[in-house]
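Going by numbering that gives the first Met the number 0, the sequence shown wraps up at 401, each residue one higher than the last.
We put the CB at the ideal spot given by N, CA and C, even for glycine.
Below: the structure, in structure tokens.
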Amino acid sequence: MASRSDDPDARLHLAPRRRPGRIGELHILQLLLLEAVLLGVLASGLFGMPVLIVAALCGVLLLTVVFLRSRGRWWLEKRALARHQRQRAAAAVPVAADAGLDALQRLAPGLSVGTVAMADGTRIGVARDDAGWFAVAAVGGSGPTGDAPAGLPLNVLATALAESGQPGTVLQVVTSTVPAGGPGDDPTAPARESYRQLLAGLDGTPVPAGRATWVAVRLDARALAEAIGDYAVDLGVAPSVVATLARQVGRSLRRCGVAHRLLDAHGLLAAVGRSCGFTPGVPADATPVREEWSAWHCGPLAHRSFWIRRWPPVDRAATMLGWLETLPASLVTVSLTVASNGPGEDLDLRGLVRITGPAELLPQLCGPAVDGVRQAGGELFPLDGEHGPAVYASTPTGGGAG
């Protein structure tokens with residue numbers, strides 16, 4: 000959660016995104032079950048000591064299962080995640096005519112994409128998945144290395160979100176970085192390497208081998224319905240609404256000095272596919288994909304995703320995220336998703352970090368990342384059992400399908 004105030008110079012306070020149906024780490028159903036067990040044990044005392052003892056033992060056994068915790072998750076929660084992972088692996092994936100869409104449907108089977116033609120002739124790609132609609136803008140940067148800026152300030156996203164004025168709007172900024180010297184760096188490009196060394200010598204900071212930044216605008220179907228209180232809303236106009244929102248957000252970014260380009264349908268698919276690690280033009284069935292409990296695999300590379308469970312002080316957050324982009328991985332992706340809780344309310348902020356590298360090297364890459372974030376005052380929580388959805392959520396999709 001990001002606190003905001005009417006004072007543009009006010010400091011922001013970063014906190015974890017609130018999870019519905021929970022009080023801290025406890026789910027509300029756990030509390031209700033605890034209350035029911037206690038009442039049941041007390042009531043059993045009316046039927047004598049033997050019944051009370053049996054009821055107490057059964058209650059202790061039930062509560063042990065419900066409140067058993069391992070590696071930051073409840074045992075029942077882990078069982079549910081494992082079941083959902085098996086269901087995703089067994090689900091049939093539709094075959095799409097477009098190679099890029101075919102590849103992405105292995106992460107989001109309900110994904111489709113179309114084009115909205117604006118009055119001035121601009122064509123904006125709008126995608127639809129199980130949770131809503133989204134459009135994508137590529138943030139500027141066309142220098143000798145082809146790099147884009149290293150993310151966007153949070154106040155830029157907050158301003159763009161406030162100016163959109165549309166219930167259910169979610170904004171996301173995604174930065175995918177190929178660190179210099181990582182497994183994916185190309186040592187055979189001497190001109191590119193010389194340019195990076197020259198830039199690094201100016202301020203002493205490492206210059207990545209490549210970087211791409213996108214801003215995604217999502218219209219969340221559920222949040223929209225809750226905001227307007229009518230589930231019978233005409234969803235046929237949603238793509239046009241998203242395209243208009245993308246134009247509005249684009250104007251907000253331009254006023255903040257952020258150069259960008261709204262993507263058409265082909266560019267949208269290419270951006271999401273690139274962030275996932277799919278190779279453009281390669282048929283989907285030529286790239287083996289599988290999801291395991293601790294990683295999502297695409298070809299020779301493995302992706303491990305983390306939720307930023309605890310943020311450091313805001314004056315150290317940017318430094319922490321910048322440091323993550325220097326890890327010697329094949330690809331480091333940072334996703335920040337911002338949504339509004341209503342007028343005058345704090346912004347809802349979710350941060351995801353995805354580290355990509357050869358499967359055999361992934362533990363060596365993720366360990367230092369977790370330790371470094373902890374030293375900075377933050378905490379990375381591994382999304383085990385959810386790495387397929389987490390990959391999709393950390394690409395420019397506006398935070399994924401749910």
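Since I believe residue j is in contact with residue i (beta carbons under 8 Å), could you give me their beta-carbon distance rounded to a whole number of angstroms?
i, j, result
"residue 356", "residue 329", "5 Å"
"residue 104", "residue 66", "At roughly 38 Å, the Cβ-Cβ gap does not stay under 8 Å, so residue 104 and residue 66 are not in contact."
"residue 324", "residue 176", "4 Å"
"residue 326", "residue 354", "7 Å"
Report yes if the CB atom of residue i is closer than 8 Å to the CB atom of residue j, and no otherwise.
i, j, result
"residue 101", "residue 169", "no"
"residue 214", "residue 136", "yes"
"residue 307", "residue 350", "yes"
"residue 368", "residue 273", "no"
"residue 112", "residue 264", "yes"
"residue 134", "residue 242", "yes"
"residue 173", "residue 395", "yes"
"residue 62", "residue 33", "yes"
"residue 75", "residue 64", "yes"
"residue 80", "residue 339", "no"
"residue 346", "residue 116", "no"
"residue 270", "residue 261", "no"
Whose CA, out of the options, lies closest to the CA of residue i?
i, options, result
"residue 292", "381, 243, 71, 244", "381"
"residue 171", "337, 359, 369, 389", "337"
"residue 237", "30, 72, 114", "114"
"residue 254", "155, 63, 74", "155"
"residue 258", "33, 353, 216, 139", "139"
"residue 384", "333, 370, 305, 331", "305"
"residue 334", "34, 52, 390, 268", "390"
"residue 246", "370, 178, 364, 118", "118"
"residue 131", "77, 166, 370, 26", "166"
"residue 26", "68, 51, 47", "68"
"residue 370", "393, 322, 332", "322"
"residue 393", "270, 363, 372, 332", "332"
Sorted by chain position, which residues of the same chain lie with C-beta nearer than 7 Å to residue i's C-beta, five sequence neighbours on each side aside?
i, result
"residue 71", "380"
"residue 54", "39, 40, 43"
"residue 388", "399"
By Cβ distance, which residues of its chain are closer than 6 Å to residue i, with the 5 residues on each side in sequence left out?
i, result
"residue 277", "102"
"residue 397", "133, 169, 171, 215, 217"
Cutting at 8 Å between CB atoms, please list the residues of its own chain near residue i, excluding the five before and the five after it.
i, result
"residue 296", "287, 288, 289, 290, 302, 358"
"residue 294", "301, 302, 303, 358, 361, 386"
"residue 49", "none"
Does the count of Cβ pairs from the segment 374–390 and the segment 304–321 closer than 8 Å reach three?
Here the segment 374–390 makes contact with the segment 304–321; the two share three or more CB pairs at distances below 8 Å.
Cβ contact check for the segment 300–309 and the segment 118–137: 3 or more pairs under 8 Å:
A contact is defined here as three or more CB-CB pairs under 8 Å, and the segment 300–309 fails this definition with respect to the segment 118–137.
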